[in-house]
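In this note's numbering, each residue's number is its place in the sequence shown (first place is 1) plus 75.
Remarks on the structure that follows.
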Amino acid sequence: MLFVNARIFTEDGFKEGNFRTEGERFSEIFCDSIPGAGEEVVDLRGAKVIPGLIDVHTHGNSGADVSDGDPEGIRKMAAYSAREGITSFAPATMTLPYEVLDKAFKAAADFCREMPKGHARLLGIQMEGPFFSEKKKGAQNGAYLRLPDFEAFEKLYRDSDGIVRIVDVAAELEGAVEFTEKAKELCTVSIAHSDANYEEASAVFEAGATHLTHLFNAMPPIHHRKPGTIGAASENDKVVAEIICDGFHVHPSSIRMAFKLFPGRICLISDSLRCCGMPDGEYELGGQQIFLNGGVAKLADGTLAGSASNLYKCMLNAIEFGIPEAVAITAATLTPAKEIGREDLVGSIEAGKYADFVVCGEDLERKEVYLGGSKL
Numbered sequence: 076m077l078f079v080n081a082r083i084f085t086e087d088g089f090k091e092g093n094f095r096t097e098g099e100r101f102s103e104i105f106c107d108s109i110p111g112a113g114e115e116v117v118d119l120r121g122a123k124v125i126p127g128l129i130d131v132h133t134h135g136n137s138g139a140d141v142s143d144g145d146p147e148g149i150r151k152m153a154a155y156s157a158r159e160g161i162t163s164f165a166p167a168t169m170t171l172p173y174e175v176l177d178k179a180f181k182a183a184a185d186f187c188r189e190m191p192k193g194h195a196r197l198l199g200i201q202m203e204g205p206f207f208s209e210k211k212k213g214a215q216n217g218a219y220l221r222l223p224d225f226e227a228f229e230k231l232y233r234d235s236d237g238i239v240r241i242v243d244v245a246a247e248l249e250g251a252v253e254f255t256e257k258a259k260e261l262c263t264v265s266i267a268h269s270d271a272n273y274e275e276a277s278a279v280f281e282a283g284a285t286h287l288t289h290l291f292n293a294m295p296p297i298h299h300r301k302p303g304t305i306g307a308a309s310e311n312d313k314v315v316a317e318i319i320c321d322g323f324h325v326h327p328s329s330i331r332m333a334f335k336l337f338p339g340r341i342c343l344i345s346d347s348l349r350c351c352g353m354p355d356g357e358y359e360l361g362g363q364q365i366f367l368n369g370g371v372a373k374l375a376d377g378t379l380a381g382s383a384s385n386l387y388k389c390m391l392n393a394i395e396f397g398i399p400e401a402v403a404i405t406a407a408t409l410t411p412a413k414e415i416g417r418e419d420l421v422g423s424i425e426a427g428k429y430a431d432f433v434v435c436g437e438d439l440e441r442k443e444v445y446l447g448g449s450k451l
């Protein structure tokens, strides 16, 4: 199929041109506009075309949560995501018993192998817990917190055919360095839900962690004499930091600060919960009640939980908050693809990658979504 008169997103911004798809993949980018025999032509009339977004930290939407281990729930999540222009995702599990995580991982792996048409691609899992600090557990269930345990993690990883692409750990916990040294050979290691000081965080980054989960949330703030995890991460060029840009978790000024602290190393995420795409009311998160009111989800004690937003809205928020358009798009596409080791498949408009893209208006308002070269 030949797409003509497009403004194609590249690392240097938007460029006018045409592109082809063959099967589910991009076959030619910036090609001529002469169609082959019998080839279908789609005139995009100057519309912007961006890669499908990739959310590497979403718990759920549409009333479903990946931690449920429910195949139908995962299908709901994937269908909603695709409609919203989020064409790939690596959902995050919660701090739960190992047997519950095992069920969730296996359900995700089954969906990944099936890859049903018209649904966002599940390209991995972020294992958010249980290796966390009690002090910074946030909305995680404290009853299931554990010290870092590589043997337990490795078993979960192997039993689910390596579905885990990011594993989280609190840097100050006993065994965190040793866990990181081993786990980095299997997937990306991230510091999360941690009360670590600068030295403790630096040691885990030096051991091989290269990711920071939801920057500013569930970690000590920056202090000029106590730079903590944020200071250690910002000065390490290998570390990419996630940030929730729903307008509630992080102030717009701090969003702008984050992109300056981590130039080219910010990964936009939604951290969305099952209440995303749902009306205000009572929901569940990791065995705890959460209450959605006015777009904000909290535990009964008032603790801010995840978000009720999706990644596409978060990307638009980032631009509204002053992040350059091209920077925000990259932070929601190629950067997350790299963080889960799938940049060979998705994340940019390049020949050989899946033809997952969004046709947009001037202000990136979503018009059409294509998955594997087919319009939803």
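All C-beta atoms, glycine included, are put in the ideal place defined by N, C-alpha and C.
- Of the candidates Thr96, Ala184 and Phe280, Ala184 places its Cα closest to the Cα of Gly144.
- For Glu440 and Asp243, the gap between their C-alpha atoms comes out near 33 Å.
- Secondary structure at Glu440: coil, using DSSP grouped into helix, strand and coil.
- According to the DSSP assignment, Cys187 belongs to the alpha helix (DSSP H) that extends over Tyr173 to Glu189.
- Spanning the alpha carbons of Val116 and Ala179 requires a straight line of approximately 42 Å.
- Rounded to the nearest whole angstrom, the CA to CA distance from Asp355 to Gly370 is 7 Å.
- Proximity to Asp376 across Ser382, Ser384 and Phe366 peaks at Phe366, based on C-alpha coordinates.
- For Cys389, the enclosing alpha helix (DSSP H) has its first and last residue at Leu386 to Glu395.
- Membership of Leu343 in the beta strand (DSSP E) is indicated by the continuous run Ile341 to Ile344.
- In this chain, Phe78 is not harboured by any alpha helix (DSSP H); it is covered by the beta strand (DSSP E) spanning Leu77 to Thr85.
- In the DSSP assignment, Glu359 falls within the unbroken beta strand (DSSP E) covering Gly356 to Leu360.
- Distance between Met76 and Glu437, taken at the CA atoms: about 24 Å.
- In the structure shown, the three-state DSSP call for Phe207 is coil.
- With fewer than 16 other beta carbons inside 10 angstroms of its own, Glu97 counts as exposed.
- By the neighbour-count criterion, in which a residue is buried when 16 or more other Cβ atoms sit within 10 angstroms of its Cβ, Gln201 is buried.
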